[in-house]
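The structure appears below as structure tokens.
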Amino acid sequence: MRSNIQAQFRNFGQYGIFVAFVIICLVLAFSTPRFFTISNLMTIGNQVSINALLAFGVTFVIITGGIDLSLGSMVAVTGVVAATFAHPDTYPVVVPIFIGLAAGSAIGAFNGLVITKSKVPPFIVTLGTMTIGRGLALIFSKGRPVSNLSDSFNFIGGGNLFGIPFPIIILIIAFIVCSIILNKTILGRYMYAVGGNEPAARASGIRVNNVKMWVYTICGLLSAMGGILLTSRITTGQPNAGAGFELDAIAAAIIGGTSTSGGTGTMTGTLIGALLIGVISNSLDLLNVTSYYQQVVMGAIIIGAVVLDSMGKEG
Amino acid sequence: MPILQVTNLTKSYSGIKALDNVQLTLQRGEVHALMGENGAGKSTFMKILIGLIDADSGEIFFEGNELKRGGVNNVQRKGISMIHQEILIIPELTVAQNIFLGREKEITSSKTGWLNDDRINSKAKELLEQMGVDISPYIKMKYLSVAQMQMVEIAKAISNDAKVIIMDEPTSAISDKEVSTLFRIIRDLKVKGVAIIYISHKMDEIFKISDTITVLRDGKYIGTKSAAELDNGSLIKMMVGREIESMFPESNTQKGKRVLSVKNLNKKGKFTDINFEVHTGEILGIAGLMGAGRTEVARAIYGLDKLDSGEIYINGEHVKVKSADEAVKKGIGYVSEDRKGLGFIPQMSVLKNMTLASLSNHRQGIFINPKSENTVTEAMVENLKVKSSGVNQKVTHLSGGNQQKVVIGKVLLSSPKVIILDEPTRGVDVGAKFEIYKLIHDLAAKGIAVIMISSELPEILGMSDRILVLSKGKQTAMLSKEEATQELIMKYAVE
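Top to bottom, those sequences are chains A and B. Reading the first sequence from the start, the letters are residues 0 to 314 in numbering that gives the first Met the number 0. Reading the second sequence from the start, the letters are residues 0 to 494 in numbering that gives the first Met the number 0.
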């Protein structure tokens, strides 16, 4: 009985964020006429897409009990690297995409390798990679923005398919794939096990280091997708791009109910977290609230979401 | 006048009565054992006594006055202290700082916020000397053994002028020698008129130390008797409400071919020259005192720790096991003594925990086949008689005995040829213990070679076909079922 009630309370915590999201959207739809228009919704989707991709990646990491602070730097490096190969009349568009994704995966794998081979906590390792990545982005670009990109490359972040912005399509596909990995595959199950109780996972015969390698590599790959998307949208590889993106991504995961102590979290939650952040900043824009206040609101929401979640747990 | 008198105590959670008209009369200078299976209401009762939660109704009289609520601090200040099973200390602070934590001002009669460590240290030293324990007040808590930490907790209770001390399974993680120190301290406390409420699952201890025994079952008060009136059988009958004729089921399994043999296993500082073999259908008991190296041997065979030297053979084939995943593949299963730490994933359901070591059986490409997972788990739950509301219930919502069954089920689903059970009935109540014993016999009957490590001699004697005794990392005897006695095992265990 007691556990039942606790479970319901916890479920409320889980759905609470969804309910909050729907309520905020409804309020905005009635109070701000411009909010609920197709073009504005597309704008939100477009804006949310990069943060959501990074948030999916970091959700995997946080579920295993880790953290990745190098997302923003990976966005910059992969963007710059992709841009270098994306000048018009050089390579077909798949080349910059492939190289960008490979660069992101490689940095992610590097994170995974150091974390599993040393006993250094992920926080510190990825803090280091964050700085290394930023340095690499500046080295590769010689400190200058990489511009003059091909039209086909610029389509990725700026084009429409069937009237839908291409980033939104990428976002939807990534969401589906990430959800399937987490819920339907052995790797996904192992991620929860490692984050829930690492010694027990190891004693159950799970190769914990393999799981972690996968997770950081996938996170790097998703960051690279974010980096390519951003570069394409602003039609420039910016070595200073992506600063602070990691915090928005982590915020989306946490708002969506992923516990920083590991073992719990869902992609749906993270998607809602990212959408919530997007909708709120969009609406504050529409309401002409300055970005200074927006930050205060955003911070309050992060804390509020976690408070809600912890209330469910104490029950 | 009794020091503590509890009458008609009732507490419900969402309509379910956790305590139903419970009573207790505690005299000064008495060791009063509180007995009952897991879920009998002991911990709820104690939580109410120390002010952690409130009762729905009932009276508590302490020294003749009604005990006013007001939280743990208030109750502690009046003189009721509890030594928790999981000891609550600050590891980075010293012994003295821990003892007087939160009372620095009164102890040093300081009016300002300045600390006076000299005063705290000398007070602590005095206290520990009075108890006759050899612990330096200056040492950081994290360097102490579990037993020493317990002594510090008791010192803290004494320094609080405790008139009633509640001890929750104080001997669950300490060695026999340390138990005798603890008992000496308890007897000293008795002489000073302190009353002890003693909670333990270990029968022999209960009869050794307690004067009076109160039994709870399913939240109800069953009775209070003097320890002299009771024996093992009659006490168990009070606890489970029926007679368990023989705790240990009869075995008629024939031992078959050799499954596991280990030769000259060595790990520096842990164990040396360990040699044994186990056959199909056989239960090999491993006995020894705390720190004899039993768990360390098991962990090394299972690949959780590295061996310095030695060979492991399975079905005659020389195998190298460097990690647990290799051990699982070679057909070795391990159920750890540390259920919470190594046994299960707390966030996961019964099903997800059970299939964790054998997910490759349900593999479809990179995906998990949920149907086959479900079928297999349902069958195992049925087979092991796991009491849960369903396979999707969270494992943390089960009782200790059922959690243990889930962990055993997980290992069984990986189809081991040999299974190592490390303290399989630790923290498990009497009824569930019996079921686990039956289960172990079933495993042996199915042709699995079983190794059972246990600190409870009756369990070792009742279950094992052969008994390996370890002492200080060396193997001192291999006894057959026929020749083994408690005395003989102890003789080799202390050798």
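C-beta: ideal position from N, C-alpha, C; glycine also. Every value quoted in this text rests on a predicted model; they were computed, and no experiment measured them.
If we cut at 7 Å on Cβ distances, does residue i have a partner in chain A?
| i | result |
| --- | --- |
| Phe-44 (chain B) | no |
| Val-327 (chain B) | yes |
| Leu-460 (chain B) | no |
| Ala-17 (chain B) | no |
| Gly-280 (chain B) | no |
| Lys-324 (chain B) | It is worth fixing the name first, because residue 324 (chain B) is Asp in this sequence and not Lys. For Asp-324 (chain B), the answer is yes, since a Cβ of chain A falls inside 7 Å of its Cβ. |
| Ile-344 (chain B) | yes |
| Ala-448 (chain B) | no |
| Gly-40 (chain B) | no |
| His-340 (chain B) | What sits at residue 340 (chain B) in the sequence shown is Gly, not His. Yes, contact with chain A. |
| Leu-397 (chain B) | no |
| Ala-161 (chain B) | no |
| Ala-356 (chain B) | yes |
| Phe-366 (chain B) | yes |
| Ser-11 (chain B) | no |
Does the beta carbon of residue i come closer than 7 Å to any beta carbon on chain B?
| i | result |
| --- | --- |
| Gly-204 (chain A) | yes |
| Ala-248 (chain A) | no |
| Ser-2 (chain A) | Confidence in Ser-2 (chain A) is poor, its pLDDT being 45 and thus under 50, which makes the residue's placement too unreliable to answer from. |
| Ile-185 (chain A) | yes |
| Gly-65 (chain A) | no |
| Asn-196 (chain A) | yes |
| Gly-314 (chain A) | Its pLDDT being 36, under 50, Gly-314 (chain A) is placed unreliably in this model, and the coordinates cannot settle the point. |
| Gly-262 (chain A) | yes |
| Arg-9 (chain A) | Annotation note: pLDDT 49 at Arg-9 (chain A) (below 50); position unreliable, coordinate value reported separately. No, no contact with chain B. |
| Ala-199 (chain A) | yes |
| Met-310 (chain A) | no |
| Ala-192 (chain A) | yes |
| Lys-116 (chain A) | no |
Sort out for me which residues DSSP pairs residue i with in a bridge.
| i | result |
| --- | --- |
| Asn-196 (chain A) | Bridge partners of Asn-196 (chain A): none, in fact. |
| Lys-393 (chain B) | B:Ser-348 |
| Tyr-197 (chain B) | B:Ala-32, B:Met-166 |
| Ile-419 (chain B) | B:Tyr-333, B:Ile-450 |
| Gly-236 (chain A) | A:Val-145 |
| Thr-267 (chain A) | According to DSSP, which records beta bridges pairwise, Thr-267 (chain A) is partnered with nothing at all. |
| Gln-363 (chain B) | B:Phe-366 |
On a CA-only basis, which of the options is nearest residue i? Give me that one, please.
| i | options | result |
| --- | --- | --- |
| Leu-220 (chain A) | A:Ser-104, A:Val-92, A:Lys-116 | A:Ser-104 |
| Lys-490 (chain B) | B:Leu-469, B:Glu-481, B:Ser-479, B:Lys-480 | B:Leu-469 |
| Val-375 (chain B) | B:Phe-366, B:Lys-386, B:His-361 | B:His-361 |
| Met-73 (chain A) | A:Ser-231, A:Pro-120, A:Phe-244 | A:Phe-244 |
| Asn-263 (chain B) | B:Val-405, B:Ile-300, B:Ala-227 | B:Ile-300 |
| Leu-270 (chain A) | A:Val-295, A:Leu-27, A:Thr-58 | A:Thr-58 |
| Glu-486 (chain B) | B:Gly-287, B:Gly-426, B:Ile-365 | B:Gly-287 |
| Lys-555 (chain B) | B:Ile-98, B:Phe-206, B:Ile-459 | Since the first residue of chain B shown is 0 and the last is 494, residue 555 (chain B) is not available in this structure. |
| Arg-23 (chain A) | A:Val-295, A:Thr-263, A:Asn-281 | Checking the sequence, you will find Ile at residue 23 (chain A) rather than Arg. Ranking the options by Cα distance to Ile-23 (chain A), first place goes to A:Asn-281. |
| Leu-275 (chain A) | A:Ser-48, A:Arg-33, A:Thr-36 | A:Ser-48 |
| Ser-497 (chain B) | A:Ile-131, A:Ala-202, A:Phe-122, A:Pro-87 | With chain B running from 0 to 494 in the structure shown, residue 497 (chain B) is simply not present. |
| Ile-419 (chain B) | B:Asn-7, B:Val-334, B:Glu-128, B:Ser-371 | B:Val-334 |
| Leu-114 (chain B) | B:Gly-101, B:Glu-125, B:Lys-124, B:Leu-126 | B:Gly-101 |
| Lys-219 (chain B) | B:Met-0, B:Glu-455, B:Gly-35, B:Ala-443 | B:Gly-35 |
| Val-214 (chain B) | B:Leu-234, B:Val-5, B:Met-0, B:Val-71 | B:Leu-234 |
| Ile-367 (chain B) | A:Phe-165, A:Arg-188, A:Ala-192 | A:Arg-188 |
| Ala-102 (chain A) | A:Thr-77, A:Leu-160, A:Asp-67 | A:Thr-77 |
State yes or no: is the beta carbon of residue i nearer than 7 Å to at least one beta carbon in chain E?
| i | result |
| --- | --- |
| Ile-331 (chain B) | Going by chain labels, chain E is absent from the structure shown, which instead holds the protein chains A and B. |
The region 181-190 of chain B / the region 27-40 of chain B touching (three or more Cβ pairs under 8 Å): yes
Inter-stretch contact at 8 Å, needing at least 3 Cβ pairs: the region 173-183 of chain A / the region 315-328 of chain B: no
At least 3 beta-carbon pairs within less than 8 Å: the region 131-148 of chain A vs the region 247-264 of chain A: With the cut-off at 8 Å, the region 131-148 of chain A and the region 247-264 of chain A do not touch.
Validate contact between the region 209-224 of chain A and the region 106-119 of chain A using beta carbons, cut 8 Å, 3 pairs: yes
3 or more residues per run - each beta strand (DSSP E) lying fully within the region 238-313 of chain B: 257-266, 270-278, 282-286, 308-313
Three or more C-beta pairs below 8 Å linking the region 420-434 of chain B and the region 344-362 of chain B: no
Contact between the region 324-344 of chain B and the region 398-413 of chain B (3+ Cβ pairs under 8 Å): yes
Sufficient close CB pairs (3 or more, under 8 Å) joining the region 51-69 of chain A to the region 224-244 of chain A: yes
Complete runs of the alpha helix (DSSP H) confined to the region 76-133 of chain B [at least 4 residues]: With a minimum length of 4 residues, the continuous alpha helix (DSSP H) runs that stay inside the region 76-133 of chain B are 94-98, 103-106, 116-130.
Three CB pairs or more closer than 8 Å across the region 218-237 of chain B and the region 256-274 of chain B: no
Cβ contact check for the region 386-399 of chain B and the region 300-317 of chain B: 3 or more pairs under 8 Å: Too few Cβ pairs lie closer than 8 Å, so no.
Touch test, the region 42-61 of chain B against the region 244-253 of chain B, Cβ-Cβ under 8 Å, three pairs minimum: no
Minimum length 4: unbroken alpha helix (DSSP H) runs contained in the region 178-235 of chain B: Counting whole runs of 4 or more residues, the region 178-235 of chain B contains the alpha helix (DSSP H) stretches 202-208.
Any 3 or more C-beta pairs closer than 8 Å across the region 160-176 of chain B and the region 131-139 of chain B: no
Secondary structure, alpha helix (DSSP H): runs of 4+ residues fully inside the region 40-110 of chain A: If we require 4 residues or more, the alpha helix (DSSP H) runs fully inside the region 40-110 of chain A come out as 70-83.
At least 3 beta-carbon pairs within less than 8 Å: the region 34-46 of chain A vs the region 279-294 of chain A: yes
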